[in-house]
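Trainee: Heads up, the sequence shown stops at 700 in this note's numbering, and the numbers go up one at a time, no gaps.
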Amino acid sequence: MKYLAILGRQPEISIAELEALYVDVLRQAPGLASFVADSVDIDKLGGSLKIAKALDRKPLEYLQSLPEGKITIGVSDYSEKASRKTTLDEALKLKKILVRHGRSVRVVESKDAVLSTATSLHNGLSGKNDRKVELIKVGNSWYKVIGIQDIDAYARRDQARPARDAKVGMLPPKLAQILINLCGPLKVGATILDPFCGTGVLLQEALLMRYRAYGTDISERMVEYSEKNLKWLMKSKSIHSRAASLAPVATGLARSSSPCQAPDSLESNTFWISRGDATSFQWVQPIDAVACEGYLGKPFSQIPSDMELKKQKQECGAIILGFLKNLASQIKEGIPVVIAAPAWLRQDGAYERLEILDEIDKLGYNVNNKSRKGLFYHREKQVVARDILILRKK
Ligand SMILES: C[S@@+](CC[C@H](N)C(=O)[O-])C[C@H]1O[C@@H](n2cnc3c(N)ncnc32)[C@H](O)[C@@H]1O
307 MKYLAILGRQ
317 PEISIAELEA
327 LYVDVLRQAP
337 GLASFVADSV
347 DIDKLGGSLK
357 IAKALDRKPL
367 EYLQSLPEGK
377 ITIGVSDYSE
387 KASRKTTLDE
397 ALKLKKILVR
407 HGRSVRVVES
417 KDAVLSTATS
427 LHNGLSGKND
437 RKVELIKVGN
447 SWYKVIGIQD
457 IDAYARRDQA
467 RPARDAKVGM
477 LPPKLAQILI
487 NLCGPLKVGA
497 TILDPFCGTG
507 VLLQEALLMR
517 YRAYGTDISE
527 RMVEYSEKNL
537 KWLMKSKSIH
547 SRAASLAPVA
557 TGLARSSSPC
567 QAPDSLESNT
577 FWISRGDATS
587 FQWVQPIDAV
597 ACEGYLGKPF
607 SQIPSDMELK
617 KQKQECGAII
627 LGFLKNLASQ
637 IKEGIPVVIA
647 APAWLRQDGA
657 YERLEILDEI
667 DKLGYNVNNK
677 SRKGLFYHRE
687 KQVVARDILI
697 LRKK
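Okay, here's the thing in structure tokens:
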């Protein structure tokens, strides 16, 4: 089936995520891409704000077919010349005809030609209620929204975690999902290793996506934080939007002799956390995918001096290369490895990268073309960006 994705603020990364999971991904307009999939779960797509499906009839016909009772409609127009006014006129025109046919209609207004994610979400236009719909217009084509990113759920699980550490960095849950998805399609219950697990954001998202999570970190404190956060996650299912799907995945993984500490919760064998230096640790098998935010070095708030930058590049580069060298002999051919590496803002506005791709190649990994060009995740003027490296063991 063909879908339309409304891409997030970093569209290149959103597209890379779609390409890793689905087929026939095509840019439709700025901020929009179509793709083909059997089904889509927006709650697992960190890089897409909304997902829509093409309408199989004219918008008015579709709206007239909605079940009886008051209907709420929102229109977002992504066509080139659309404005707030033209979009609202379009929605009011539909309303007028529907009212004439005896329907009670509310139109959700927007400040722009398109409804923001928050407006759509908070007006219940996510496709779950048959009488509350958002229509998307692109040129002459019309779509119906079938899923909206639950920004409130991301904020809740980001902010409510008991163990947080601003110095270690705050991997946004959305980006954690993207890093996992960039590994490509994985089976339910696949084991994802994060060898720099920190406070456990990636492990948390892996569990919510129904994978097994295996985390290691050099710092004992971080191991404790991750453990605390994951135990909290297991106990507080009700705060997560997909509480129902957070059921334990199949059990019985032969990891009992591992050096990991298995927490004594019900879902104990869905996650493991252990202390370990990623440059020398021997992980326990199986490992189906590796996704992590590597060591990012100092958290600069200003552009570093050339000398400082050189030092940081050496330190961070050595850890990532040391880790990849250690990992290479421990994973099978074809296993995906996705790493968010640091890149530093320069005076000219570009990002200075680690420049380790050729060495990574020599260590036995294929480097995805998008990573060769650079796939950066950053907020405006953020000094340390995340340079996403998509690799696969040769
Ligand atoms: C940027 S943080 C990752 C934060 C993490 N994504 C989170 O959700 O909190 C990098 C982590 O790498 C760990 N680290 C640094 N050097 C390491 C090494 N050689 N082996 C394993 N972990 C290391 C640090 O302790 C830190 O927790």
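The beta-carbon is built from N, C-alpha and C at its ideal position, and this holds for glycine as well.
Just the C-alpha distance for Gly445 and Thr392, rounded to the nearest angstrom, thanks.
Mentor: When rounded, the distance between both Cα atoms is 13 angstroms.
Trainee: Are the beta-carbon atoms of Leu361 and Lys434 separated by less than 8 angstroms?
Mentor: Not a contact, by the Cβ cut-off of 8 angstroms.
Trainee: Is DSSP giving Ile645 helix, strand or coil here?
Mentor: The answer is strand: DSSP assigns Ile645 an E or B state.
Trainee: Going by DSSP in three states, Pro565 sits in which element: helix, strand or coil?
Mentor: With a pLDDT of 37 at Pro565, under the threshold of 50, the modelled position of this residue cannot be trusted, and the question is left open.
Trainee: Is it right to say Gly314 is buried, meaning 16 or more other beta carbons lie within 10 angstroms of its own, or is it exposed?
Mentor: Buried, since its Cβ has 16 or more Cβ neighbours within 10 Å.
Trainee: In angstroms with no decimal places, state the Cα-to-Cα distance between Lys699 and Leu633.
Mentor: Roughly 10 angstroms separates the two Cα atoms.
Trainee: Nearest CA to the CA of Lys493: which residue from Ile357, Thr585, Gln316 and Tyr517?
Mentor: Checked all of Ile357, Thr585, Gln316 and Tyr517; the closest Cα to Lys493 is Tyr517.
Trainee: Are the beta-carbon atoms belonging to Ala624 and Phe577 less than 8 angstroms from one another?
Mentor: Their beta carbons are not under 8 angstroms apart, which means Ala624 does not touch Phe577 by this criterion.
Trainee: Around the Cβ of Pro605, are there at least 16 other Cβ atoms within 10 angstroms (buried) or fewer (exposed)?
Mentor: When all chains shown are included, Pro605 counts as exposed.
Trainee: Among Ala339, Leu404, Ile403 and Val439, whose alpha-carbon lies nearest the alpha-carbon of Glu415?
Mentor: Of the listed residues, the one whose Cα sits closest to Glu415 is Val439.
Trainee: Got a sec? Which residues, its chain only, sit under 6 angstroms from Ser544 by beta carbon, not counting five neighbours each side?
Mentor: Residue placement at Ser544 cannot be trusted, given a pLDDT of 46 that sits under 50; what the coordinates show is reported in the next sentence. Result list for Ser544: empty, nothing under 6 angstroms.
Trainee: How would you write the range of the beta strand (DSSP E) that Lys308 sits in, first residue to last?
Mentor: Looking at the DSSP string, the run of the beta strand (DSSP E) that includes Lys308 is Lys308 to Leu313.
Trainee: Use the C-beta contact count for Val329: other C-beta atoms within 10 angstroms, 16 or more gives buried, fewer gives exposed.
Mentor: With fewer than 16 other Cβ atoms within 10 Å, it is exposed.
Trainee: Assuming Lys356 contacts Gly453 under a Cβ cut-off of 8 angstroms, what Cβ separation, rounded to an integer in Å, is found between them?
Mentor: Confirmed, about 7 angstroms.
Trainee: Quick one: what's Leu332 bridged to in DSSP?
Mentor: Partner(s): Ser340.
Trainee: Can you tell me whether Ala656 is buried or exposed, with buried defined as 16 or more other CB within 10 angstroms of its CB?
Mentor: Exposed.
Trainee: 8 angstroms is my cut-off, CB to CB: does Glu599 come that close to chain E?
Mentor: As a matter of chain content, chain E is missing from the structure shown, which is built from one protein chain.
Trainee: Ligand 1 and Asp693: does the residue's C-beta get closer than 7 angstroms to at least one heavy atom of that ligand?
Mentor: Not under cutoff, so the answer is no.
Trainee: Taking the Cβ atom as the reference point for each residue, do Gln591 and Val689 lie within a distance shorter than 8 angstroms?
Mentor: It is not a contact, given that the beta carbons lie outside the stated cut-off.
Trainee: Kindly indicate which residue of Thr585, Trp650, Gln588 and Ile593 has the alpha-carbon position closest to the one of Asp612.
Mentor: Comparing Cα-Cα distances from Asp612 to each of Thr585, Trp650, Gln588 and Ile593, the minimum goes to Trp650.
Trainee: I'd like to confirm something about Leu602: is its beta-carbon nearer than 7 angstroms to some heavy atom of ligand 1, or not?
Mentor: Checking every heavy atom of ligand 1 against the Cβ of Leu602, one is found closer than 7 angstroms.
Trainee: State the Cα-Cα distance for the pair Asn672 and Glu639, rounded to the nearest angstrom.
Mentor: If I take the Cα positions, the gap works out to 10 angstroms.
Trainee: Is there at least one non-hydrogen atom of ligand 1 closer than 7 angstroms to the beta-carbon of Met515?
Mentor: The answer is no for Met515.
Trainee: With a cut-off of 8 angstroms, do at least 3 Cβ pairs link the region 397-413 to the region 459-466?
Mentor: Because the criterion of three Cβ pairs below 8 angstroms is not met, the region 397-413 and the region 459-466 do not touch.
Trainee: Whose C-alpha, out of Ser586, Ala358, Arg692 and Ala597, is nearest the C-alpha of Met307?
Mentor: Closest by alpha carbon: Ala358.
Trainee: Pull the bridge partners of Gly521 from the DSSP assignment, please.
Mentor: DSSP lists Asp500 and Ile579 as partners of Gly521.
Trainee: Leaving out the 5 sequence neighbours to the left and right, which residues in its chain are closer than 6 angstroms to Arg659 when beta-carbon positions are compared?
Mentor: Here the set comprises Ala649 and Asp693.
Trainee: Classify Leu509 as helix, strand or coil using the three-state DSSP reduction.
Mentor: In the structure shown, Leu509 sits in a helix (DSSP, three-state: H, G or I).
Trainee: Ligand 1 and Val346: does any heavy atom of the ligand fall closer than 7 angstroms to the residue's C-beta?
Mentor: Because no heavy atom of ligand 1 lies under 7 angstroms away, the Cβ of Val346 does not count as near it: no.
Trainee: Tell me, please, which residues DSSP counts as bridged to Gly283.
Mentor: The requested residue 283 does not occur in the structure, where the chain is confined to residues 307 to 700.
Trainee: Could you check whether the Cβ of Ile593 sits closer than 7 angstroms to any heavy atom belonging to ligand 1?
Mentor: Answer for Ile593: no, Cβ out of range of ligand 1.
Trainee: By Cβ distance, which residues of its chain are closer than 6 angstroms to Glu482, with the 5 residues on each side in sequence left out?
Mentor: Looking at the sequence provided, one finds Ala at residue 482 rather than Glu. Here the set comprises Val507, Leu508 and Glu511.
Trainee: Below 8 angstroms CB to CB, which residues in the same chain sit around Glu665 once its five sequence neighbours on both sides are set aside?
Mentor: Hits under 8 angstroms: Leu627.
Trainee: Who are the near neighbours of Leu366 in its chain, counting only those whose CB is closer than 8 angstroms to its CB and skipping five residues on each side?
Mentor: Leu400, Ile403 and Leu404, listed in sequence order.
Trainee: Using the Cα positions of Lys631 and Gly670, report the straight-line distance between them to the nearest angstrom.
Mentor: Their Cα atoms are separated by approximately 8 angstroms.
Trainee: What's the C-alpha gap between Lys387 and Leu338?
Mentor: Cα to Cα, the separation comes out at about 15 angstroms.
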